[in-house]
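Engineer:
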Amino acid sequence: MSKTFKDNFHRPPAVVFRQPPNLKSLLVRAKLSQSFSVESKGCFKTHSKRCVTCSALKETAFVQSHYTGQKFKLFHNSTCDSVGLVYLINCLDCKKQYVGETGGELRIRHRGHRQEIRKANTPLGKHFQSCKNFELIGIEKLVNNSKRVREEVELNGFIALTRSLLWA
């Protein structure tokens, strides 16, 4: 053996055997991948202790129009981390509803709404300065984040109706 080899490796190499893959090790995994997990559709919290948006987020699988009483099932999963959403803000005091959209994360848009409430420079901000209690729900995920997709989502009676009737 060369001197450099001896200097770098103080102990002799160990002989180790590894079990070859068998049918069980090829088919069975200790953890399921995300593609195998069964998820129900709806709006969910991430349960992060520091997330202010999660405290306002309502976990639900449907939304209800306070104007018509009609219920709508949610077909996508959404959290505060979701990007490209149509979302609903329910006022828990006076039962008004606001439908908005964001191309970014729901958490960032919620931060913007909280600033509007502090400054009271928009109808939404002025309203929630007086009412204070609200909940946030992600309604629909905009797949392509495009105007055409958003307009198709707005054809849903709930979204079109709430946008035209609220905050008048």
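For the sequence shown, our numbering begins at 2 and goes up steadily by one. A virtual CB, placed ideally from N, CA and C, is assigned to each residue, including glycine. Predicted model, so just to flag it, every value in this text is computed and none were measured.
Across the stretch 126 to 134 and the stretch 64 to 78, are there enough close Cβ pairs to call them in contact, namely three or more that are closer than 8 Å?
Structural biologist: Contact fails: fewer than three Cβ-Cβ distances are below 8 Å.
Engineer: Could you give the residue range of the alpha helix (DSSP H) that holds V53?
Structural biologist: Run containing V53: V53 to A57, per the alpha helix (DSSP H) assignment.
Engineer: Buried or exposed for L107, please, with buried defined as at least 16 other CB atoms from any protein chain shown within 10 angstroms of its CB.
Structural biologist: Flag for L107 reads buried.
Engineer: In terms of alpha-carbon separation, which member of Q98, G85, N9 and A121 lies closest to G104?
Structural biologist: It is G85.
Engineer: What residue range does the alpha helix (DSSP H) around N9 cover?
Structural biologist: Start and end: K4 to N9.
Engineer: Rounded to whole angstroms, what is the Cα-Cα separation between N78 and F10?
Structural biologist: Between N78 and F10, the C-alpha separation is close to 54 Å.
Engineer: So within the stretch 101 to 148, which uninterrupted alpha helix (DSSP H) runs reach at least 4 residues, ignoring any that extend past its ends?
Structural biologist: The stretch 101 to 148 contains these whole alpha helix (DSSP H) runs: 107 to 120 and 124 to 132.
Engineer: Quick one: using the 10 Å Cβ neighbour count with 16 as the cut-off for buried, is C55 buried or exposed?
Structural biologist: C55 comes out buried.
Engineer: Any idea what DSSP makes of L93, helix, strand or coil?
Structural biologist: Looking at L93 - three-state DSSP - the assignment turns out to be coil, as it is neither helix nor strand.
Engineer: Just to confirm the assignment, what range does the beta strand (DSSP E) spanning K42 have?
Structural biologist: Here K42 belongs to no beta strand (DSSP E), and DSSP marks it neither H nor E.
Engineer: Nearest by alpha-carbon distance to K142: which of L75, Q116, H111 and Y99 is it?
Structural biologist: Of the listed residues, the one whose Cα sits closest to K142 is L75.
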